[in-house]
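A.B. asks:
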Amino acid sequence: MELMRLYFTIHNDREDGNVSAHTSHLVGSALSDLSFAAAMNGLAGPLRGLANREVLVWLTQLQKEVGKDVSDEKLRDYIWNTLNSGWVVPGYGHGVLRKTDPQCSCQRELALKQLPNDLMFKLVAQLYKIVPNILLQQGKAKNPWANMMLTVGWCSRSTA
């Protein structure tokens, strides 16, 4: 429950101009009970919600191809195959930030306490340690660190 509350709060209480924040402020200014629901519905569209979906699809495909309890070595191979195929690793990098997204860190810390045995979260935790070094080795990423979509993509599956 706490993880879901954090998930909603992160999506609705940001001042960087996302559709969920704008919607909750606009509808809430009318003192409407639906402001939070309207804000969350903003994630349904492909321009806002697609990043979450891409992370979840990639994580699900990764689990399907290499298994649920994967070694770091197999994981590194899968990541390199993704990159060498011309794809990006969803949930990493940011247009502005040059460090791990604090919203990602916040969700990760809570998940470590509340859902440490969730198989998908264990995979996300492994990626969190492995992917940045690979992206640095590759040399293309200005920011190889996890962004909020990594944990939001996983969290949307785990809390649904």
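Take the sequence shown: its letters are residues 157 to 316, numbered as in the working numbering. Even for Gly, the Cβ is constructed at its ideal location relative to N, Cα and C. No experiment lies behind these values; they were computed from the predicted model shown.
Starting from W236 and walking both ways along the alpha helix (DSSP H), at which residues does that stretch end?
C.D. replies: As a first step, residue 236 must be located in the sequence shown, where it is residue number 80. 228-240 is the span of the alpha helix (DSSP H), which, as asked, contains W236.
A.B. asks: If I'm right that M305 touches P246 with Cβ under 8 Å, what's the distance once you round it to whole angstroms?
C.D. replies: Here residue 305 refers to the residue found at position 149 when the sequence shown is read from its first residue. Here residue 246 refers to the residue found at position 90 when the sequence shown is read from its first residue. Rounded, the Cβ-Cβ distance is 7 Å, consistent with contact.
A.B. asks: Applying the criterion that 16 or more other CB atoms from any shown protein chain within 10 Å of the CB defines a buried residue, is A200 buried or exposed?
C.D. replies: Locating residue 200 in the sequence shown gives position 44, where the first residue counts as 1. Classification of A200: exposed, given that the 10 Å Cβ count is below 16.
A.B. asks: Let me confirm a value: R264 is counted as buried when at least 16 other C-beta atoms fall within 10 Å, else exposed. Which label applies?
C.D. replies: Stepping through the sequence shown from its first residue, residue 264 is reached at position 108. Classification of R264: buried, given that the 10 Å Cβ count is 16 or more.
A.B. asks: Around the C-beta of A267, are 16 or more other C-beta atoms found within 10 angstroms, so that it is buried, or is it exposed?
C.D. replies: Translated into the one-based positions of the sequence shown, residue 267 becomes position 111. With 16 or more other Cβ atoms within 10 Å, it is buried.
A.B. asks: Between which two residues does the alpha helix (DSSP H) carrying R264 extend?
C.D. replies: By one-based count along the sequence shown, residue 264 stands at place 108. That run of the alpha helix (DSSP H) goes 258-270.
A.B. asks: Check the DSSP bridge columns for A302 and list the partner residues they point to.
C.D. replies: Sequence index remark: in the sequence shown, residue 302 carries index 146 (1-based). Answer by DSSP bridge pairing, in chain order: Y248.
A.B. asks: Only counting the same chain, and skipping five residues up and downstream in sequence, which positions put a Cβ closer than 8 Å to that of A297?
C.D. replies: Within the sequence shown, residue 297 is the residue found at index 141, counting from 1. So the list reads Y248, G249, L291, once near-sequence residues are dropped.
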